[in-house]
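In what follows, a structure is listed as structure tokens, so that the remarks can point back to it.
2 protein chains.
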Amino acid sequence: MDDAGQSLTQRAVPAKSLRTPTTVSPQMQRSIATMAAAASAGGGMPADWSPSTAPEWKAVIAQMDAQALAIKPVLEAMFPHTSELRQIAGVTVREITPATFDPAKSGLLLVHFHGGGYTMNGGEASTGEAVLAAHYSGLKAISVDYRMPPEHPFPAAVDDALAVWRALAAERPATSMGVIGTSAGGGLSLALALKLKEVGEALPGALATGTPWTDLTGASDSYQVNADVDGIFSNFGAFGRAMAALYAGPAGVEHPLVSPIFGDFGGFPPTIFTTGTRDILLSDTVRAYRAMRAAGVTAQLEVHEAMSHAEYIYAFDSPESAVAFTDIAAFFHAHLKG
Amino acid sequence: MDDAGQSLTQRAVPAKSLRTPTTVSPQMQRSIATMAAAASAGGGMPADWSPSTAPEWKAVIAQMDAQALAIKPVLEAMFPHTSELRQIAGVTVREITPATFDPAKSGLLLVHFHGGGYTMNGGEASTGEAVLAAHYSGLKAISVDYRMPPEHPFPAAVDDALAVWRALAAERPATSMGVIGTSAGGGLSLALALKLKEVGEALPGALATGTPWTDLTGASDSYQVNADVDGIFSNFGAFGRAMAALYAGPAGVEHPLVSPIFGDFGGFPPTIFTTGTRDILLSDTVRAYRAMRAAGVTAQLEVHEAMSHAEYIYAFDSPESAVAFTDIAAFFHAHLKG
Chain A
1 MDDAGQSLTQ
11 RAVPAKSLRT
21 PTTVSPQMQR
31 SIATMAAAAS
41 AGGGMPADWS
51 PSTAPEWKAV
61 IAQMDAQALA
71 IKPVLEAMFP
81 HTSELRQIAG
91 VTVREITPAT
101 FDPAKSGLLL
111 VHFHGGGYTM
121 NGGEASTGEA
131 VLAAHYSGLK
141 AISVDYRMPP
151 EHPFPAAVDD
161 ALAVWRALAA
171 ERPATSMGVI
181 GTSAGGGLSL
191 ALALKLKEVG
201 EALPGALATG
211 TPWTDLTGAS
221 DSYQVNADVD
231 GIFSNFGAFG
241 RAMAALYAGP
251 AGVEHPLVSP
261 IFGDFGGFPP
271 TIFTTGTRDI
281 LLSDTVRAYR
291 AMRAAGVTAQ
301 LEVHEAMSHA
311 EYIYAFDSPE
321 SAVAFTDIAA
331 FFHAHLKG
Chain B
339 MDDAGQSLTQ
349 RAVPAKSLRT
359 PTTVSPQMQR
369 SIATMAAAAS
379 AGGGMPADWS
389 PSTAPEWKAV
399 IAQMDAQALA
409 IKPVLEAMFP
419 HTSELRQIAG
429 VTVREITPAT
439 FDPAKSGLLL
449 VHFHGGGYTM
459 NGGEASTGEA
469 VLAAHYSGLK
479 AISVDYRMPP
489 EHPFPAAVDD
499 ALAVWRALAA
509 ERPATSMGVI
519 GTSAGGGLSL
529 ALALKLKEVG
539 EALPGALATG
549 TPWTDLTGAS
559 DSYQVNADVD
569 GIFSNFGAFG
579 RAMAALYAGP
589 AGVEHPLVSP
599 IFGDFGGFPP
609 TIFTTGTRDI
619 LLSDTVRAYR
629 AMRAAGVTAQ
639 LEVHEAMSHA
649 EYIYAFDSPE
659 SAVAFTDIAA
669 FFHAHLKG
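Going line by line, the protein sequences match chains A and B.
If you count the first sequence from 1, position 173 lands on 173 in our numbering, and the numbers rise without skipping.
Quick note, our numbering runs 338 ahead of the 1-based positions in the second sequence.
Right, here's the structure in full:
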């Protein structure tokens with residue numbers, strides 16, 4: 001369709017003001033209201049600006065990581081665990097052992113890739129989801145601190161994911177391991193499985209991809225519909241596009257290991273998807289779920305009312321978060337084979 | 339939260355202009371673009387106005403029915419079938435026999451309740467979804483032309499649903515019948531199951547509720563987020579609230595047989611939900627799905643990219659519609675017992 005034709009069929013949506021819904025738990029209402037207030041104050045991720053130099057990137061990354069680090073002590077108090085810093089195949093990982101660890105299930109293991117647009121939330125800011133997944137499943141989790149831009153664009157993250165996976169798979173059945181990640185971590189989980197298909201190695205027993213970043217080209221409809229609606233990843237504007245370009249590098253955002261929606265999901269293990277109705281990556285999630293179903297993969301889609309991108313990690317005190325991780329834990333226990 | 343507190347936590351969403359997404363099929367792109375153009379021209383369901391007299395209601399209903407009737411010949415050509423007008427227990431029904439009818443499956447039957455806000459899309463405008471469900475499943479469908487306002491508010495629709503159900507259940511196992519409906523028809527499907535629990539009678543073998551209207555109070559978050567985004571049911575404004583009040587009558591919109599979200603889904607049969615990311619009833623759907631999962635019911639959630647309310651019925655030439663009804667047919671064949 002040419003530009004003139006397209007403009008005739010643009011849907012005009014008037015400005016609106018969203019109240020905090022009463023259809024979610026009090027904890028989730030607090031999370032939504034807090035984010036709305038922060039947005040009013042001009043906080044959150046920048047939309048119409050992006051860093052252009054490595055020092056600018058690092059300043060933004062430090063600012064974003066500070067938010068994850070700020071809530072870490074509260075999360076650690078609610079979900080007791082130990083975290084052991086290790087190296088596996090030369091990659092930094094944190095081995096999370098939850099207080100709920102069930103020795104009877106020690107034949108199963110989770111492998112976790114953190115989110116953060118492939119640019120942020122590494123290091124000590126990377127383990128929140130791994131702690132929650134470990135807690136609710138009673139399993140250990142290996143949280144992979146993969147290399148990131150600005151120094152290490154694609155394929156460093158996929159290379160690190162593959163290196164850790166191979167080392168773990170040398171010691172236990174691939175089907176005994178579940179791979180979990182949210183946002184970029186969900187995309188990286190899918191990219192790892194695509195890469196394993198490419199090299200002809202055994203796939204994980206199951207995947208849990210939360211609101212996965214599957215299309216870095218920005219084509220997903222929810223980037224429009226949930227722009228300035230999502231409380232966590234408010235806008236896929238200049239900053240989102242810059243993150244995508246910085247990560248993809250010369251490979252480009254259409255490479256299937258960068259944007260797994262362009263890959264072939266045939267033969268994938270059972271996969272559970274988690275998202276919310278306010279999620280800016282709702283469409284990235286739904287499109288990947290539909291592509292898996294079309295490829296004959298066992299897939300389960302979990303959508304939560306009024307939930308923003310990855311909010312089940314940050315609103316970890318909410319019943320919605322407990323439901324999300326309980327569903328993920330049940331999915332792993334149904335499909336992993338120790 | 340008081341009004342002052344609430345206003346501090348309103349999320350301001352600037353006006354936006356939604357392009358037709360490239361992430362859906364050409365047929366779905368055409369559907370979305372056509373609706374966007376109609377919205378630009380001021381067409382569609384009124385938002386800020388509502389009828390106040392019976393003649394005004396009938397005029398609006400006739401106008402809305404005309405849209406369903408206009409596409410009926412095309413639907414009938416694409417999905418050949420016979421439609422026999424009958425009375426069951428004094429209620430008008432249409433028995434749909436698809437050209438795909440499979441005599442080997444004649445022990446199974448679908449019971450269909452049409453959508454239209456409990457006020458419109460009755461009569462000859464009522465059978466589109468039944469034809470599609472019959473086509474894709476190879477089963478007959480009994481499409482129930484239940485009584486509606488302005489003459490017959492709640493509980494007439496539930497009474498008619500129950501009367502037809504009882505007559506059919508006298509002749510075959512309840513578990514051999516699947517109940518299907520979209521929007522108000524999805525709500526009525528859930529209300530029938532709640533009513534059957536109340537009177538202690540056998541439940542259907544499975545339910546397929548498409549974008550069901552489960553909360554007529556208007557509390558769902560998608561009523562805000564997808565307002566003026568959905569191409570079919572654009573706005574739960576004055577007109578939506580008036581439909582809800584007209585249907586509920588003195589029972590009120592919080593009655594669980596009017597708004598099934600306030601009912602108890604424990605013991606419900608397996609249920610498949612269908613919705614889309616632009617659906618104004620996305621939250622009504624997601625909330626009912628979550629309530630069923632919380633009640634231990636086998637439930638499956640199907641969400642389609644950029645799809646508006648009930649668009650899988652109207653864009654019946656799209657691959658997305660075929661996927662939606664193929665999923666529904668597979669679900670019925672997995673769970674109905676002849």
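Ideal Cβ positions, reconstructed from N, Cα and C, are used throughout, including at glycine.
- Closest option to A:R290, judged by alpha-carbon separation, among B:I599, B:L619, B:R628 and B:T613: B:T613.
- Around the Cβ of A:E302, a 10 Å sphere holds 16 or more other Cβ atoms; the residue is buried.
- CA-to-CA, the gap between A:V164 and A:V297 works out to about 25 Å.
- The residue from A:A141, A:I96 and A:S126 with its alpha-carbon nearest to that of A:F332 is A:A141.
- Taking a C-beta cut-off of 7 Å against chain B, the contacting residues of the region 9–27 of chain A are T9, Q10, R11, A12, V13, P14, A15, K16, S17, L18, R19, T20, P21, T22 and T23, listed in chain order.
- Looking at the backbone, the Cα of A:A156 and that of A:F273 are separated by about 25 Å.
- Between A:S220 and A:S283, the C-beta spacing is below 7 Å.
- Shortest Cα-Cα distance from B:F577 to any of B:Q365, B:V362, B:I370 and B:M402 involves B:M402.
- Put simply, the CB of B:A546 is far from chain A, with every gap to its CB atoms at 7 Å or more.
- Judged by DSSP secondary structure, B:F611 falls within the beta strand (DSSP E) whose first and last residues are T609 to G614.
- Contact annotation: A:H309 and A:D279 have beta-carbon atoms nearer than 7 Å.
- When only Cα atoms are considered, B:M581 and B:Q367 end up about 30 Å apart.
- Between the C-alpha atoms of A:V199 and A:V60 there is a straight-line separation of about 36 Å.
- With distances taken between CA atoms, B:S597 lies nearest to B:T552 out of B:W395, B:V449, B:T552 and B:R432.
- In the three-state reduction of the DSSP assignment, A:P98 falls in the strand class.
- Nearest C-alpha to B:A529 among B:G556, B:P436, B:V496 and B:A512: B:V496.
- In the DSSP assignment, A:E198 falls outside any beta strand (DSSP E) and within the unbroken alpha helix (DSSP H) covering A184 to V199.
- Counting only the Cα atoms, B:S572 lies some 8 Å from B:N564.
- Nearest to A:V179 by alpha-carbon distance, out of A:F236, A:F268 and A:N121, is A:F268.
- Nearest neighbour of B:M416 by Cα position, chosen from B:G575, B:L470 and B:V591, turns out to be B:L470.
- Burial check for A:E320: the Cβ neighbour count within 10 Å reaches 16 or more, so the residue is buried.
- Around A:E95, the same chain offers E84, R86 and I142 as residues with beta carbons nearer than 6 Å, after the five sequence neighbours per side are excluded.
- For A:S40, the uninterrupted alpha helix (DSSP H) run begins and ends at P26 to S40, by DSSP.
- Residues P594, L595, P598 and G601 of the same chain have their beta carbon placed closer than 7 Å to that of B:L532, with the five preceding and five following residues left out of the count.
- Identification of residues in the region 30–51 of chain A having a C-beta nearer than 9 Å to some C-beta of chain B yields I32, A33, T34, M35, A36, A37, A39 and S40, given in sequence order.
- With respect to B:T347, A:T20 sits close: the two C-beta atoms are nearer than 7 Å.
- Straight across, the Cα-Cα distance linking B:T430 with B:A442 is about 27 Å.
- Of B:G454, B:H473 and B:A633, the smallest CA-CA separation from B:S464 is found for B:G454.
- When only Cα atoms are considered, A:V111 and B:I426 end up about 58 Å apart.
- Contact with chain B is found for A:V303, since one of that chain's Cβ atoms lies less than 7 Å from the residue's Cβ.
- Taken in chain order, the whole alpha helix (DSSP H) runs of length 4 or more contained in the region 223–250 of chain A are 238–248.
- The Cβ atoms of A:P212 and A:G187 lie closer than 7 Å to each other.
- If you look at B:E467, you'll find it in the alpha helix (DSSP H) that goes G466 to S475.
- For B:L620, the closest Cβ of chain A is nearer than 7 Å.
- B:G519 and B:V661 have their C-alpha atoms roughly 17 Å apart.
- At a cut-off of 7 Å between beta-carbon atoms, B:R625 makes contact with chain A.
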